[in-house]
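Take a look at the structure set out below.
Residue numbers (the numbering used here), protein chains in the order written: chain V, 10 to 345; chain Y, 20 to 368.
Here it is as structure tokens:
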């Protein structure tokens with residue numbers, strides 16, 4: 010059971026290209042909203058005429074005005090293309106911001122790590138922490154020098170407390186070094202590509218740090234491989250379901266009439282984990298529900314975010330049919 | 020329509036001794052919380068609802084420093100983070116409950132129901148008599164079915180002692196004595212002196228003197244819900260009005276009516292004295308007398324709340340004697356207005 014927040018319409022008040030691939034969208038809601046750092050805004054979008062929902066971290070907010078920033082994805086699941094098509098004055102459907110990535114107050118120090126468009130929740134967090142006088146450091150990695158969104162704002166706000174890591178110049182975040190420099194009760198918040206977050210998680214564990222002080226949010230939008238089309242074979246139902254490069258396996262299964270339970274649609278809850286029978290290619294696990302051990306075992310995958318790089322995957326869905334669970338009724342038995 | 024209490028404030032949620040290695044459920048400013056002590060003795064306050072299915076954590080159990088939900092076994096740390104989730108090898112990164120800022124000071128466990136970023140322990144009301152060895156006493160808590168502001172009204176005008184507490188601390192002289200009301204931005208004060216009159220029975224007993232006495236009654240309010248009274252008597256003419264209370268008996272009576280809901284409050288109170296401080300029997304007798312006085316107030320205030328509920332459109336006509344409560348309510352209203360003007364960010368809701 011999910012709490013259904015009331016949906017409302019927001020007006021696009023401003024558009025600003027922060028980098029060649031990241032666009033800030035300023036929205037005005039009809040009411041003032043509470044919006045803790047780490048909140049995301051859910052936006053109703055249209056993909057090929059179908060209604061769908063995407064979540065975007067809130068960068069900044071003042072009463073009824075909410076700012077988000079959206080990356081133009083070369084291979085989009087539909088959200089990025091839709092958001093980039095908006096013009097000033099357009100109205101879109103949104104639900105009030107919700108926070109699943111809250112800051113915990115009172116830590117002696119905060120390390121924020123952002124990769125690419127993962128900077129969006131970190132801007133709000135860094136601003137709040139700086140306002141509160143908390144001790145913090147932000148490490149922000151991007152593909153190239155022109156891809157640092159909010160660079161000037163962050164420098165003005167944080168001064169020497171922000172470090173920029175430019176991958177095009179061969180720079181890489183010194184994750185182990187950053188973690189080693191932290192006091193024991195420091196918290197680390199991160200948002201970015203899966204590979205970066207996996208590396209931070211591994212370093213955090215290797216340093217013997219308390220896992221509850223490592224906080225992250227994922228929207229399951231990146232993996233080890235570029236998204237590519239693949240086929241899902243469902244022998245129990247006699248179906249072969251094609252999954253397009255810009256489509257999730259969960260959406261493809263649903264459209265083909267294969268029922269899958271789901272909740273978060275971002276690789277957290279584990280409800281959509283399906284049983285893998287066989288795979289031709291490599292599973293690109295993009296969830297945080299299954300453990301590393303379970304990812305290596307490869308007998309389940311989270312259909313909402315994970316994909317296959319290569320040809321196809323054979324799965325067994327939860328469907329067994331009504332006849333599978335109860336004894337055959339006596340009347341029917343007698344007719345045989 | 021604004022609420023009746025500010026959220027960005029420290030409120031007494033429990034007496035020190037009420038919070039231990041058990042789960043105590045309290046509703047503070049309409050926020051349900053579960054209070055307990057960690058293994059190192061420090062208090063913790065979590066939202067009293069499991070992140071998963073909202074079952075109150077207070078009907079779960081303590082596991083070391085953490086609370087385990089009594090339904091499906093999710094475990095939450097004192098900072099609200101989930102540390103265990105059943106039937107999976109990982110922990111959902113979204114899973115957490117709200118942790119409320121909590122500090123133990125002056126024998127109370129204080130919580131901050133509003134924006135945790137603003138919860139500065141320096142803002143906890145100073146009540147030094149509760150942990151000063153020069154002062155002795157104890158107190159209790161009474162759950163009152165009334166808006167906490169009705170308790171404040173009651174305390175800001177002690178004329179009512181004559182009529183509500185006539186057998187103990189009130190007498191006719193008190194109701195006729197002049198008083199003065201003062202205020203600051205967040206504070207209010209009412210001073211009243213009754214000079215050269217017989218003390219009422221309770222005070223005559225404390226002083227051990229039946230003759231004419233000078234009596235002081237000074238009410239100090241700090242918004243939103245802290246009051247301490249300076250009350251005492253000294254033999255008439257021994258210099259108390261001029262500032263020398265040394266020949267008399269002096270008390271600090273602490274009143275903390277913490278809002279629970281809009282129509283209920285936890286009324287914490289304590290009587291601290293600076294005489295016969297090693298006399299435990301005296302502490303017991305004063306506590307018992309205080310309990311009796313509190314019961315008399317509770318009866319009137321709850322009846323008043325029911326009457327207010329029966330007359331939703333009625334606007335009070337304030338009298339001269341209401342000056343103190345008017346200053347107190349203005350200070351509360353200013354705090355509420357400041358929050359409405361700048362909606363606070365409420366985490367994880």
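The beta carbon of each residue, even a glycine, is placed where N, CA and C say it ideally should be. What you are looking at is a predicted structure, and each value in this text was computed from that prediction instead of being measured.
* Asked: Got a sec? Which residues, its chain only, sit under 7 Å from residue 213 of chain Y by beta carbon, not counting five neighbours each side?
  -> If you number the second chain from 1, residue 213 of chain Y lands on position 194. If we look at residue 213 of chain Y and ignore the five residues flanking it on each side, its Cβ neighbours are 192, 193, 196, 234.
* Asked: Which first and last residues belong to the alpha helix (DSSP H) in which residue 43 of chain Y is found?
  -> Residue 43 of chain Y sits at position 24 when you count from the first residue of the second chain. No alpha helix (DSSP H) contains residue 43 of chain Y, which is instead part of the beta strand (DSSP E) from 43 to 47.
* Asked: In three-state terms, what does DSSP make of residue 330 of chain Y?
  -> Translated into the one-based positions of the second chain, residue 330 of chain Y becomes position 311. Three-state DSSP puts residue 330 of chain Y in coil, outside helix and strand.
* Flag residue 115 of chain Y as yes if its beta-carbon sits less than 9 Å from any beta-carbon of chain V, otherwise no. => Sequence index remark: in the second chain, residue 115 of chain Y carries index 96 (1-based). Taking Cβ atoms only, chain V reaches closer than 9 Å to residue 115 of chain Y, which makes this a yes.
* Within chain Y, partners of residue 298 of chain V - CB distance below 8 Å -> Mapped onto the first chain, residue 298 of chain V falls at position 289. Going along chain Y in sequence order, the residues near residue 298 of chain V (Cβ under 8 Å) are 107, 109, 111.
* To do: Return the first residue and the last residue of the alpha helix (DSSP H) that residue 134 of chain V is part of.
  => Reading the first chain from its first residue, position 125 is the one you call residue 134 of chain V. 128 to 140 is the extent of the alpha helix (DSSP H) around residue 134 of chain V.
* Can you round the beta-carbon distance between residue 232 of chain Y and residue 137 of chain V to whole angstroms, since I take them to be within the 8 Å contact cut? -> By one-based count along the second chain, residue 232 of chain Y stands at place 213. By one-based count along the first chain, residue 137 of chain V stands at place 128. The Cβ separation is near 57 Å, so there is no contact.
* Where do the ends of the alpha helix (DSSP H) carrying residue 204 of chain V lie? -> Looking up residue 204 of chain V in the first chain gives position 195. Counting along the chain, the alpha helix (DSSP H) containing residue 204 of chain V begins and ends at 203 to 215.
* Is residue 52 of chain Y helix, strand or coil by DSSP? -> Within the second chain, the letter at position 33 stands for residue 52 of chain Y. In this structure, residue 52 of chain Y counts as strand in the three-state DSSP scheme.
* Do residue 325 of chain V and residue 288 of chain V come within 9 Å of each other at the CB atom, strictly closer than that value? -> Walking along the first chain from the start, residue 288 of chain V turns up at place 279. Walking along the first chain from the start, residue 325 of chain V turns up at place 316. Going by C-beta atoms, residue 288 of chain V is not nearer than 9 Å to residue 325 of chain V.
* Asked: Along chain Y, which residues have their Cβ under 8 Å away from the Cβ of residue 198 of chain V?
  -> Here residue 198 of chain V corresponds to residue number 189 of the first chain, with the count starting at 1. None at all; the shortest Cβ gap to chain Y is about 11 Å.
* For residue 40 of chain Y, which of Y/116, Y/24, Y/349, Y/61 has the nearest alpha-carbon? -> In the second chain, residue 40 of chain Y corresponds to position 21, counting from 1. For residue 40 of chain Y, the nearest C-alpha among the options comes from Y/61.
* When the Cα atoms are used, what is the spatial distance from residue 154 of chain V to residue 199 of chain V? -> The residue given as residue 154 of chain V occupies position 145 in the first chain. The residue given as residue 199 of chain V occupies position 190 in the first chain. If you take the alpha carbons of residue 154 of chain V and residue 199 of chain V, they lie about 20 Å apart.
* Looking at C-alpha atoms only, which residue of Y/277, Y/338, Y/177, Y/35 is the closest neighbour of residue 167 of chain Y? -> Position 148 of the second chain, counted from the start, is the residue given in the question as residue 167 of chain Y. Nearest option by C-alpha distance: Y/277.
* In terms of residue numbering, what span does the alpha helix (DSSP H) encompassing residue 173 of chain Y cover? -> Taking the first residue of the second chain as position 1, residue 173 of chain Y is located at position 154. Taken as a continuous stretch (DSSP letters only), the alpha helix (DSSP H) holding residue 173 of chain Y covers 167 to 175.
* **Close beta carbons around residue 162 of chain Y, own chain, < 8 Å, minus the five adjacent residues each side** => Counted from its first residue, the second chain places residue 162 of chain Y at position 143. Cβ neighbours of residue 162 of chain Y beyond the five flanking positions: 279, 283, 284, 285, 286.
* Asked: chain V beta carbons: is any one of them nearer than 9 Å to that of residue 58 of chain Y?
  -> As a first step, residue 58 of chain Y is located in the second chain; it is residue number 39 there, counting from the start. By this cut-off, residue 58 of chain Y is not an interface position.
* Cβ neighbours of residue 299 of chain V in the same chain (closer than 6 Å, five flanking residues each side left out) -> Reading the first chain from its first residue, position 290 is the one you call residue 299 of chain V. Excluding residues within five positions, none has a Cβ falling inside 6 Å.
* Whole-Å CB distance - residue 52 of chain V paired with residue 63 of chain V, under 8 Å assumed -> Residue 52 of chain V sits at position 43 when you count from the first residue of the first chain. Residue 63 of chain V sits at position 54 when you count from the first residue of the first chain. Confirmed, Cβ separation roughly 5 Å.
* With DSSP as the reference, please indicate the residues paired to residue 13 of chain Y in a beta bridge. => The question about residue 13 of chain Y has no answer here: the residues shown for chain Y are numbered 20 through 368.
* Can you tell me whether residue 297 of chain Y is buried or exposed, with buried defined as 16 or more other CB within 10 angstroms of its CB? -> As a position in the second chain, residue 297 of chain Y is number 278, starting the count at 1. Result: exposed.
* According to a CB-to-CB cut-off of less than 8 Å, which residues of the segment 135 to 148 of chain V neighbour chain A? -> Protein chains in the displayed structure are V and Y, and chain A is not among them.
* Stretch-stretch touch, CB-based, cutoff 8 Å, three pairs: the segment 109 to 122 of chain Y with the segment 215 to 230 of chain V -> yes
* Interface residues of chain Y around residue 225 of chain V at Cβ under 9 Å? -> As a position in the first chain, residue 225 of chain V is number 216, starting the count at 1. Result: 112.
* Asked: Roughly how many whole angstroms lie between the Cα atoms of residue 31 of chain V and residue 158 of chain V?
  -> Residue 31 of chain V sits at position 22 when you count from the first residue of the first chain. Residue 158 of chain V sits at position 149 when you count from the first residue of the first chain. In a straight line, the C-alpha of residue 31 of chain V is about 7 Å away from that of residue 158 of chain V.
* List the DSSP bridge partners of residue 66 of chain Y. => Along the second chain, one-based indexing puts residue 66 of chain Y at 47. According to DSSP, residue 66 of chain Y bridges with Y/52.
* Excluding the five sequence neighbours on either side, which residues of its own chain have a C-beta within less than 8 Å of the C-beta of residue 97 of chain V, listed in chain order? -> The sequence position of residue 97 of chain V within the first chain is 88, counting from 1. Only 21, 22, 23, 24 meet the Cβ criterion.
* **Cβ of residue 100 of chain Y within 9 Å of any chain V Cβ** => Counted from its first residue, the second chain places residue 100 of chain Y at position 81. Chain V contact via Cβ: present.
* Report the rounded CA-to-CA distance for residue 288 of chain Y versus residue 178 of chain Y, giving the unit in angstroms. => Residue 288 of chain Y sits at position 269 when you count from the first residue of the second chain. Residue 178 of chain Y sits at position 159 when you count from the first residue of the second chain. Those two C-alpha atoms are separated by around 19 Å.
* Can you list, in chain order, the residues of the segment 128 to 147 of chain Y whose Cβ is nearer than 7 Å to any Cβ on chain V? -> 135, 136
* Is the shortest distance between the beta-carbon of residue 17 of chain V and the beta-carbons of chain Y less than 9 Å? -> Within the first chain, numbered from 1, the residue matching residue 17 of chain V stands at position 8. Not one chain Y Cβ lies under 9 Å of residue 17 of chain V.
* To do: Take every Cβ of the segment 101 to 109 of chain Y, pair it with every Cβ of the segment 292 to 307 of chain V, and state whether three or more of those distances are shorter than 8 Å.
  => yes
* Asked: If we ignore side chains and look at the alpha-carbon of each, how far apart do residue 45 of chain Y and residue 255 of chain Y end up?
  -> Sequence index remark: in the second chain, residue 45 of chain Y carries index 26 (1-based). Sequence index remark: in the second chain, residue 255 of chain Y carries index 236 (1-based). When rounded, the distance between both Cα atoms is 46 Å.
* Establish whether the CB of residue 51 of chain V and some CB of chain Y are separated by less than 9 Å. => Your numbering for residue 51 of chain V matches position 42 in the first chain. Judged by the 9 Å Cβ criterion, residue 51 of chain V is not in contact with chain Y.
* Could you name the residues that DSSP lists as bridge partners for residue 85 of chain Y? => On the second chain, position 66 is the one that residue 85 of chain Y refers to. Answer by DSSP bridge pairing, in chain order: Y/82.
* Asked: With a cut-off of 9 Å, does the C-beta of residue 75 of chain Y fall near any C-beta of chain V?
  -> Within the second chain, numbered from 1, the residue matching residue 75 of chain Y stands at position 56. Answer no: the Cβ-Cβ gap between residue 75 of chain Y and chain V never drops below 9 Å.
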